[in-house]
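Q:
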Amino acid sequence: MSVPRTSDPATLFEAARGGDRGALARLLSLVERGGPASREVAGLAFKTPGDAYSVGITGSPGAGKSTLTDRLIGLGRQQGFNGGQELAVLAVDPSSPYSGGAILGDRVRMQGHAGDDGVFIRSMATRGHLGGLSVAVPDAIRLFSAVGMPTVFVETVGVGQQEVEVAAATDTTVVVVNPGWGDAVQANKAGLLEIADLFVINKADRPGARQTRRDLEAMLDLTDLSDAGEWRPPIVDTVASTGEGVDGLWTAIGEHRDHQIRSGVLAPLRQERLRREFRQILLARMEQELDARAGADEFAAVVTAMVGGDLDPYQAVDRLLDDLIRLPRPPTADGRG
Ligand SMILES: Nc1nc2c(ncn2[C@@H]2O[C@H](COP(=O)(O)OP(=O)(O)O)[C@@H](O)[C@H]2O)c(=O)[nH]1
Ligand SMILES: [Mg+2]
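Numbers in the numbering used here are just positions in the sequence shown, counted from 1, shifted up by 54.
1) For G155, which three-state DSSP category applies?
2) When the Cβ atoms of the stretch 231-244 are set against those of the stretch 186-198, are three or more pairs found closer than 8 Å?
3) What is the DSSP secondary structure of E298, counted as helix, strand or coil?
4) I need the DSSP call for T305, collapsed to helix, strand or coil.
5) What residues in its chain sit with their C-beta under 7 Å from that of T227, if we drop five residues either side in the sequence?
6) Checking 8 Å against the spacing of the C-beta atoms, do V356 and L365 come in under that value?
7) Within the same chain, show all residues whose beta-carbon is closer than 8 Å to that of M203, passing over the 5 residues directly before and after it, in chain order.
8) Taking DSSP as the reference, what is the three-state secondary structure of D345?
9) Can E217 be considered in contact with ligand 2, in the sense that its beta carbon sits closer than 7 Å to one or more heavy atoms?
10) If you draw a straight line from the C-alpha of A244 to the C-alpha of D351, how long is it?
11) Quick one: grab the DSSP three-state call for A145.
12) Alpha carbon to alpha carbon, how far is L66 from R75? Give it in angstroms, no decimals.
13) Find the nearest neighbour of Q132 within the set I335, F332, W304, judged by alpha-carbon distance.
14) How long is the line joining the alpha carbons of G97 and A145, rounded to whole angstroms?
15) Does DSSP put D134 in a helix, a strand or coil?
16) Could you give the first and the last residue of the continuous alpha helix (DSSP H) run that contains V220?
17) From the DSSP output, in three-state form, read off S120 for me.
18) Does the distance from the CB of S403 to the CB of V213 come in under 8 Å?
Printed below as a string of structure tokens:
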């Protein structure tokens, strides 16, 4: 099936739902680029909820995420979720403003599936999307879901706050560490411990895997698990380069999925993520609105009043917000509305 070279989101969306991978790729480019077309794609996907289960693979550069993902693709093709064996892979590079740069290596490492029509691999970088990747990635996951993908993998480098947000946008988040002194501690510092549903000690063929496991266990002992429905993240050893242990990882991912469904936390967790997304979009929009008004008279007048000492900075903000959101603000705790 082939679609005329259109960039009309609705036409592309129908084609993608019919199985056209070229159309799906173009929709993802629209999502990545941001702007009105991206909003339209997001709207279409949102109104067509699918049944995709998303799995995030995160960790430091070089931890073996792509090699591991490649192995998981193989298993996912045989035993995918929701009775479907097709799958989508989104390789996210938050540090790069372009697709294709650092991701090229990932493509090479996922070559095992290059000729496989059932696997859709796509990289995504920061472009013009409002709210950045922490909003673009959930949009992309919903798009995959809407076009009928049962399983979505998201590989992302987990090194900063935004990256951690991106990594947390999936149903099951796998944090990959390596053996060796301090790797688990680094992951903890990066905020990855909080978002991990599962730990992988990859490169378990190297010395230090047992120490890394002890470090992780010790840190987990200090973690409050009540939010996650009492799920304690299991720790799986793998050697992605040979495939050793990857079966066990796939099983553990399935167990986490089952746990979320059985305990009833999957839907509320997805809603919570949607709330966070809404917040991100709202904040980005507010910033955009503010920037657009920075030169406006009202803005200048407020700043002048503040600099002149007539308004303190809080009052100046109140004055502007009154204009920006025409909603009554709730009174603050100290009664100064
Ligand atoms: N010794 C060893 N090397 C591995 C293992 N897994 C991956 N590698 C190698 O580590 C390097 C980085 O792997 P890659 O998957 O690109 O890591 P990513 O940056 O996290 O995606 C590559 O040279 C892999 O071949 C493993 O389990 N053991
Ligand atoms: Mg990689």
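Backbone N, C-alpha and C define an ideal beta-carbon position, used for all residues, glycine too. Nothing here was measured: the structure is a model prediction, and the numbers come from that model.
A: This is what the structure holds:
1) Per-residue confidence for G155 stands at a pLDDT of 41, beneath the threshold of 50, marking its modelled position as unreliable; the derived number appears in the next sentence. Looking at G155 - three-state DSSP - the assignment turns out to be coil, as it is neither helix nor strand.
2) no
3) strand
4) helix
5) G110, T112, A221, I249, A250, D251
6) yes
7) G104, A106, G138, E140, L141, A142, F174
8) helix
9) no
10) 43 Å
11) strand
12) 10 Å
13) W304
14) 23 Å
15) Here residue 134 is Gly; the residue named in the question, Asp, does not match the sequence. Correct three-state label for G134: coil.
16) 215-221
17) helix
18) There is simply no residue 403 to check, as the chain begins at 55 and stops at 391 in what is shown.
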